[in-house]
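In what follows, a single structure is set out as structure tokens and then discussed.
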Amino acid sequence: MKLLITGGAGFIGSHFVRYILKEYPTYHVVNVDALTYAGNLANLNSVADSDRYTFVHADICDRTKLDQVLFETGVDAVVHFAAESHVDRSIASPGKFVETNVLGTQNLLESARLHGVGTFIHISTDEVYGSLGATGYFTEDTPLAPNSPYAASKASSDLFVRSYFETYGMDTRITRCSNNYGPNQYPEKLIPLSIERALRGLPVPLYGDGQNVRDWLHVYDHCTAIDAVLHHAKPGSVYNIGANNEWNNEDLLKKIFTILDMPTSQIVPVRDRLGHDRRYAIDATSIKKNLGWSPTYSFEDGLKETIDWFANQIQNQPLGR
Numbered sequence: 001m002k003l004l005i006t007g008g009a010g011f012i013g014s015h016f017v018r019y020i021l022k023e024y025p026t027y028h029v030v031n032v033d034a035l036t037y038a039g040n041l042a043n044l045n046s047v048a049d050s051d052r053y054t055f056v057h058a059d060i061c062d063r064t065k066l067d068q069v070l071f072e073t074g075v076d077a078v079v080h081f082a083a084e085s086h087v088d089r090s091i092a093s094p095g096k097f098v099e100t101n102v103l104g105t106q107n108l109l110e111s112a113r114l115h116g117v118g119t120f121i122h123i124s125t126d127e128v129y130g131s132l133g134a135t136g137y138f139t140e141d142t143p144l145a146p147n148s149p150y151a152a153s154k155a156s157s158d159l160f161v162r163s164y165f166e167t168y169g170m171d172t173r174i175t176r177c178s179n180n181y182g183p184n185q186y187p188e189k190l191i192p193l194s195i196e197r198a199l200r201g202l203p204v205p206l207y208g209d210g211q212n213v214r215d216w217l218h219v220y221d222h223c224t225a226i227d228a229v230l231h232h233a234k235p236g237s238v239y240n241i242g243a244n245n246e247w248n249n250e251d252l253l254k255k256i257f258t259i260l261d262m263p264t265s266q267i268v269p270v271r272d273r274l275g276h277d278r279r280y281a282i283d284a285t286s287i288k289k290n291l292g293w294s295p296t297y298s299f300e301d302g303l304k305e306t307i308d309w310f311a312n313q314i315q316n317q318p319l320g321r
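Under full-length UniProt numbering, the first residue of the sequence shown carries the number 1, and numbering increases by one thereafter.
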């Protein structure tokens with residue numbers, strides 16, 4: 001199989017590129033990435049010289065380039081990670097999120113349709129469902145109710161993907177995952193930002209009262225779930241991916257400082273984010289039952305691995321951020 005992976009130089013995308021090349025020795029990967037601030041080809045140093053890996057520097061908003069790549073490569077499937085993904089940035093610059101996440105996705109869908117791509121997997125987020133109260137879980141049937149410009153842009157792209165299945169009969173599949181963490185993550189998201197700032201002796205911000213809850217999923221477990229969807233899911237399907245690993249932000253930061261064996265005095269409350277969703281929680285029953293997937297990482301082990309990776313980076317090659 002030949003896969004086109006968009007956003008393959010980013011955090012989750014680069015993990016998936018490496019995962020596929022390791023697990024499937026006959027597969028070829030074409031990585032299309034615009035190399036924005038969050039894309040880093042160093043994430044792919046271990047596979048850069050592989051004859052089964054090809055990198056193309058391109059933006060998914062460039063339809064002409066997409067057509068050229070799909071025509072020349074003849075890929076069997078698209079796995080679409082490329083997106084603007086940071087909520088704070090979407091609040092400051094929502095237009096960029098519409099351009100990349102909505103228009104870019106529609107560009108990619110249309111190009112894939114016209115060039116006969118067999119399967120199109122769209123990587124989305126649980127944020128499209130909005131916010132939960134103290135109880136309950138998101139299922140695949142939960143209505144979309146996005147509350148941030150980022151979540152709205154992803155919900156919009158989800159609907160375009162669905163429409164290409166319903167209208168054109170394309171084999172599209174959508175995954176909606178909970179918050180990812182792990183090595184290589186760009187340090188603007190909560191876990192890598194907090195680890196890096198703690199290690200550098202800087203204040204670690206905590207939004208509002210610190211009681212916002214997220215379900216945390218190790219990036220490797222996310223990759224195995226996408227693998228299951230790629231190889232076993234039905235056209236038109238939607239799967240939620242989560243680890244039933246809920247933490248409120250305050251307790252999560254305290255957990256990080258406990259593992260670091262550092263005092264929590266660096267944690268500094270800051271004004272809450274605009275439109276900050278209170279709680280996300282995924283019901284992953286469907287992917288477990290229908291595709292046989294389950295997460296393998298314990299949060300303790302995954303968090304220690306992530307902290308060790310950032311500590312090694314800071315010690316041996318300061319990130320300079």
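In this text, a Cβ means the ideal position worked out from N, Cα and C, and glycines have one as well.
According to DSSP, residues forming a beta bridge with residue i
i           : result
residue 247 : 214
residue 231 : In DSSP, residue 231 forms no bridge with anything.
residue 156 : Answer is none; residue 156 lacks a bridge partner.
residue 55  : 31
residue 206 : 269
residue 179 : 216
residue 171 : 119
residue 80  : 6 and 122
residue 240 : 176
Other residues of its chain near residue i: CB distance less than 8 Å, five sequence neighbours each side excluded
i           : result
residue 181 : 189, 191, 192, 216, 217, 218, 219, 302, 303 and 306
residue 321 : Caution applies to residue 321, whose pLDDT of 40 falls short of 50 and renders its modelled position unreliable; the value that the coordinates give is listed next. Result list for residue 321: 187 and 196, in chain order.
residue 319 : Confidence in residue 319 is poor, its pLDDT being 46 and thus under 50, which makes the residue's placement unreliable; the coordinate value appears in the next sentence. Here the set comprises 187, 196 and 313.
residue 268 : 203, 204, 205 and 206
residue 24  : 1
Best match in the options for proximity to residue i [C-alpha to C-alpha]
i           : options               : result
residue 139 : 58, 85, 176 and 183   : 176
residue 298 : 250, 267, 316 and 244 : 244
residue 27  : 187, 311, 278 and 76  : 76
residue 207 : 88, 65, 311 and 12    : 88
residue 82  : 6, 19, 232 and 143    : 6
residue 274 : 18, 118 and 150       : 150
residue 108 : 127, 118 and 66       : 66
residue 179 : 202, 235 and 212      : 212
residue 62  : 93, 106, 23 and 234   : 106
residue 137 : 185, 100 and 214      : 214
residue 48  : 64, 24 and 18         : 18
residue 68  : 53, 115, 86 and 300   : 115
residue 13  : 103, 185 and 93       : 185
residue 378 : 252, 231 and 52       : With the chain covering 1 to 321 only, the question about residue 378 has no answer from this structure.
Chain C within 9 Å of residue i, Cβ atoms only
i           : result
residue 147 : Looking for chain C here will not work: only one protein chain is present.
Neighbourhood of residue i by C-beta, 7 Å cutoff - its chain only, sequence neighbours within 5 removed
i           : result
residue 73  : 2, 4 and 30
residue 170 : 113, 120 and 164
residue 259 : 303, 304 and 307
residue 96  : 84
residue 198 : 204, 256, 257, 260, 262 and 266
residue 221 : 243, 295, 296 and 297
residue 98  : 153
residue 9   : 31, 33, 35, 39, 40, 41, 43 and 44
residue 50  : 21
residue 311 : 199
residue 118 : 76, 77 and 171
residue 254 : 264
residue 46  : 18
Cβ distance (whole Å) where residue i is taken to contact residue j below 8 Å
i           : j           : result
residue 148 : residue 241 : Actually they do not touch by this definition, with Cβ atoms about 20 Å apart.
residue 200 : residue 123 : Wrong, their Cβ atoms sit about 31 Å apart, outside the cutoff.
residue 127 : residue 143 : No, residue 127 and residue 143 are not in contact; Cβ-Cβ is about 14 Å, not under 8 Å.
residue 101 : residue 157 : 5 Å
residue 210 : residue 250 : 3 Å
6 Å CB neighbourhood of residue i in its chain, flanking five on each side removed
i           : result
residue 59  : 34
residue 15  : 219 and 223
residue 110 : none
residue 55  : 31
residue 173 : 121, 229, 233 and 237
Next on the checklist: Measuring CB atoms only, is the region 283-296 touching the region 160-173, in the sense that at least three cross pairs come out at less than 8 Å?
Outcome noted: No, they do not touch.
Checklist entry - Do the region 60-73 and the region 122-138 meet, that is, are 3 or more Cβ pairs less than 8 Å apart? => result No, the region 60-73 is not in contact with the region 122-138.
Next on the checklist: Across the region 273-280 and the region 226-233, are there enough close Cβ pairs to call them in contact, namely three or more that are closer than 8 Å?
Outcome noted: The region 273-280 makes no contact with the region 226-233: fewer than 3 CB pairs, one atom from each, lie closer than 8 Å.
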